[in-house]
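Novice: With positions in the sequence shown counted from 1, the corresponding number in my numbering is that position plus 9.
Ideal Cβ positions, reconstructed from N, Cα and C, are used throughout, including at glycine.
Mind looking over this structure? Questions follow.
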Amino acid sequence: MDIERFGTTADLDELIAIRDRIDALSTRDVAADASRPRADLLDLGSALQLRMEVPGVTQEDLELALQGQDLLVAGIRETIEEGITAVFSERPNGPFHRVVRLPTEVDRTAVTAHLREGVLVVHMPKPRRAAGA
Numbered sequence: 010m011d012i013e014r015f016g017t018t019a020d021l022d023e024l025i026a027i028r029d030r031i032d033a034l035s036t037r038d039v040a041a042d043a044s045r046p047r048a049d050l051l052d053l054g055s056a057l058q059l060r061m062e063v064p065g066v067t068q069e070d071l072e073l074a075l076q077g078q079d080l081l082v083a084g085i086r087e088t089i090e091e092g093i094t095a096v097f098s099e100r101p102n103g104p105f106h107r108v109v110r111l112p113t114e115v116d117r118t119a120v121t122a123h124l125r126e127g128v129l130v131v132h133m134p135k136p137r138r139a140a141g142a
């Protein structure tokens, strides 16, 4: 009985390289885009809660809006002052926005938001009929 080889180590190396590229895509840092701050959307049962990282942003620099099933968050991070040259600049600055699709209806009259230590927390109670859903 002859043994048939199914490929070479070059084929295996190519498969490993493809797997590594796929892994890199699935684990890339979504915060790399400064216009899209990192966020978590939590289902607390009777409410949804959004937690979004917005370090250096003041409450006055934030805008929130509910449009249909979307929560829109926009704001401005401080920018480097005019006339100053940055030797390097790693912190995100300038305008940002994020649209979060909500998986269920919320009671628009009971939504609250607060900003603490660079994290925006938006608490959105569900309507009574959707709270158990």
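Tell me, please, which residues DSSP counts as bridged to Gly92.
Specialist: Against the sequence shown, residue 92 aligns to sequence position 83. Gly92 pairs with nothing; no bridge assigned.
Novice: For Leu75, collect the residues of the same chain with a Cβ closer than 6 Å to its Cβ; drop the 5 residues on either side in sequence, then sort them by chain order.
Specialist: Sequence index remark: in the sequence shown, residue 75 carries index 66 (1-based). Once the five neighbours on either side are set aside, the close Cβ partners of Leu75 are Arg117.
Novice: With a threshold of 8 Å on Cβ separation, who are the neighbours of Glu72 within its own chain once the five nearest residues in sequence on each side are excluded?
Specialist: Taking the sequence shown and counting its residues from 1, the one referred to as residue 72 is at position 63. Answer for Glu72: Leu81, Val82, Ala83, Gly84, listed in chain order.
Novice: Return the first residue and the last residue of the beta strand (DSSP E) that Gln58 is part of.
Specialist: Within the sequence shown, the letter at position 49 stands for residue 58. Note, Gln58: beta strand (DSSP E), 56–62.
Novice: Report the rounded CA-to-CA distance for Leu129 versus Arg60, giving the unit in angstroms.
Specialist: In the sequence shown, counting from the first residue as 1, residue 129 sits at position 120. In the sequence shown, counting from the first residue as 1, residue 60 sits at position 51. Rounded to whole angstroms, the separation of the alpha carbons of Arg60 and Leu129 is 6 Å.
Novice: Do three or more CB pairs link the segment 22–30 to the segment 100–111 at distances below 8 Å?
Specialist: Verdict: no, contact absent.
Novice: Does the separation of the CB atoms of Val115 and Pro134 fall below 8 Å?
Specialist: Position 106 of the sequence shown holds residue 115. Position 125 of the sequence shown holds residue 134. Result yes, Cβ atoms of Val115 and Pro134 sit closer than 8 Å.
Novice: Quick one: give me the first and last residue of the beta strand (DSSP E) that Ala119 is part of.
Specialist: On the sequence shown, residue 119 is found 110 positions in, with the first residue counted as 1. Ala119 -> no beta strand (DSSP E), and no H or E assigned at all.
Novice: Check the C-beta distance from Leu111 over to Asp79 and give it rounded, since I have them as a contact under 8 Å.
Specialist: Within the sequence shown, residue 111 is the residue found at index 102, counting from 1. Within the sequence shown, residue 79 is the residue found at index 70, counting from 1. That belief holds up - the Cβ atoms of Leu111 and Asp79 are roughly 7 Å apart, short of 8 Å.
Novice: Do Glu69 and Pro46 have their CB atoms nearer than 8 Å?
Specialist: In the sequence shown, the residue the question calls residue 69 occupies position 60. In the sequence shown, the residue the question calls residue 46 occupies position 37. Cβ atoms of Glu69 and Pro46: not closer than 8 Å.
Novice: Using a 10 Å radius around the Cβ and a threshold of 16 neighbouring Cβ atoms, would you call Leu57 buried or exposed?
Specialist: Within the sequence shown, residue 57 is the residue found at index 48, counting from 1. Looking at its Cβ environment, which holds 16 or more other Cβ atoms inside 10 Å, Leu57 is buried.
Novice: With H, G and I counted as helix, E and B as strand and the rest as coil, what does DSSP make of Leu80?
Specialist: By one-based count along the sequence shown, residue 80 stands at place 71. Shown here, Leu80 sits in a strand according to DSSP, grouped into three states.
Novice: In the DSSP output, what is Gly103 paired with across the bridge?
Specialist: For the purposes of this step, residue 103 is identified with residue 94 of the sequence shown, where counting begins at 1. Its beta-bridge partners are Arg86.
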